[in-house]
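Worksheet: the structure to be examined is printed underneath.
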Amino acid sequence: MTDIPNDELRSLPCVTRWPGNPVLTASQVPYDSALVFNAGVIRWRDGYAVAFRNDYGCTEAEWAEGKRFRGTNIGLAFSRDGINWKVEDEPVFHMEDAEIQRVYDPRLTVIGGEAFMTFAVDTHHGLRGGIARTDDLVHYEVVSMSVPDNRNMVLFPEKINGMYLRLERPMPVYSRGGKDRFDIWISESPDLVYWGRSELLAGVEDFPWANDKIGPGAPPVKTDRGWLVFTHAVDRDDSRGKHGWENKWPKRYCAGVMLLDLKDPRRVLGVCRRPLIAPEAPYETEYGFRTNTVFPTAAILEDEGTVKIYYGAADTSVALATARAEDLIQACLEGGPRKPVQLP
Ligand code: BMA
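Taking my numbering, the leading residue of the sequence shown gets 22, the next gets one more, and so forth.
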């Protein structure tokens, strides 16, 4: 663990929360909706598109009486400015099969003009990560599904040395003491179907405030100094009690950031050693299903050098923060490259 006292995690000063946060909530959804969060965002046609997770069928008061969510679906919305969204009339992307319990946490990436969604799937035999192709964000064709347990897959927005690349978070439990201790891995594929050459990219130990797990957040953002990778990074403290609707929520999710080499993204040039965004705003710490949760899932580099970072806030809404790419790169480089693992 770290020398940073637990309750003193702060966002980096270069991060600005959008004053009108959250930018997307259940109240904007024209069908049954309770929690709208963990959303993929891309530039699309003359504006932006978002695919978001929607948990529905239960209010906070009903939860307190023992009722639970009826289900999860994926909603779609469009925007001219990436801030004001118009949600489409129906959810999209339904996977129906006796094995599948739910599909959630979509991320979007455009590669060579083609749009892809990555997503998590809970099945009766484990958690899988999937990739689907789409022409219109309404109709999808599933391209591949991982073996369990794997989640939080994101695709790089271009091929490198002729290969597609993805970041992912497999969940080894048996070999890691039976608890959460999950890291970020990188794999490559010639066709998005067959994945291999998998390698550890960064471990929990590279994020000094985290003691639980890290995982890919947004699909990597290309800058002239390298790929910016936004992550989640979790610290757990079992003395934490009620944080949100549940009686106990011991985890805190922060956003982190690291920088990968442009031509060889398996090389980590720098890891920011402090949280990029720590839960601080009331919609992250006070109100919502699981407070103390900042879960980045999309990032867009704008022409003027600002990065829009979208994140799930308290597993309840979608919020937006901005930072200059230059400052983010600097914060990563100051943290230095990934250190070799210290064996006991
Ligand atoms: C993870 C996923 C995310 C969620 C996070 C915090 O395990 O379920 O969808 O945002 O926990 O609850």
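We put the beta carbon where it would ideally sit given N, CA and C, even for glycine.
Backbone CA spacing between Asn-268 and Val-57 [nearest angstrom]: 21 Å
Classification of Met-22 by the beta-carbon crowding that lies within 10 angstroms, buried from 16 upward: Only weak support is given to the placement of Met-22: the predicted model assigns it a pLDDT of 39, under 50, and the value that follows is read from those uncertain coordinates. Classification for Met-22: exposed.
Run of the alpha helix (DSSP H) containing Leu-158, from where it starts to where it stops: From DSSP, Leu-158 is part of no alpha helix (DSSP H); its letter is neither H nor E.
Sequence-distant residues of its chain with Cβ nearer than 8 Å to Trp-216 (five each side left out): Ser-165, Ser-167, Arg-187, Ser-208, Glu-209, Ser-210
Exposed unless 16 or more other CB atoms sit within 10 angstroms - verdict on Pro-365: No answer about Pro-365 holds up, because its pLDDT of 47 lies below 50 and its placement is not dependable.
Cβ neighbours of Arg-261 in the same chain (closer than 6 Å, five flanking residues each side left out): Pro-271
Every unbroken alpha helix (DSSP H) within the stretch 28–89, with a cutoff of 4 residues, ordered by chain: 81–85
Three or more C-beta pairs below 8 Å linking the stretch 228–243 and the stretch 275–283: yes
Boundaries (first-last residue) of the alpha helix (DSSP H) holding Tyr-304: 303–306
Residues bridged to His-253 (per DSSP): Gly-236, Ala-276
Beta-carbon gap between Leu-322 and Val-328 smaller than 8 Å: yes
Buried versus exposed call for Thr-130 [16 or more other C-beta atoms within 10 Å across all chains shown]: buried
Three-state secondary structure (DSSP) of Glu-209: strand
Euclidean distance between Cα positions of Gly-333 and Ala-98: 16 Å
Cα-Cα separation between Gln-122 and Gly-151, rounded to whole angstroms: 14 Å
C-beta contact flag for Pro-240 and Val-175 at 8 Å: yes
Leu-349 to Val-242 span [Cα, whole Å]: 11 Å
Bridge-paired residues (DSSP) for Trp-248: Lys-243, Leu-281
Span of the alpha helix (DSSP H), counted from its first residue to its last, around Gly-356: 346–356
Under 8 Å between C-beta atoms of Thr-144 and Glu-120: yes
Cβ-based neighbour list, Leu-354, same chain, cut-off 6 Å, excluding 5 preceding and 5 following: Gly-291
Outcome for Asp-24 when other beta-carbon atoms lying within 10 angstroms are tallied against a minimum of 16: A caution first: Asp-24 carries a pLDDT of 45, below 50, which makes its placement in the model too unreliable to give a value.
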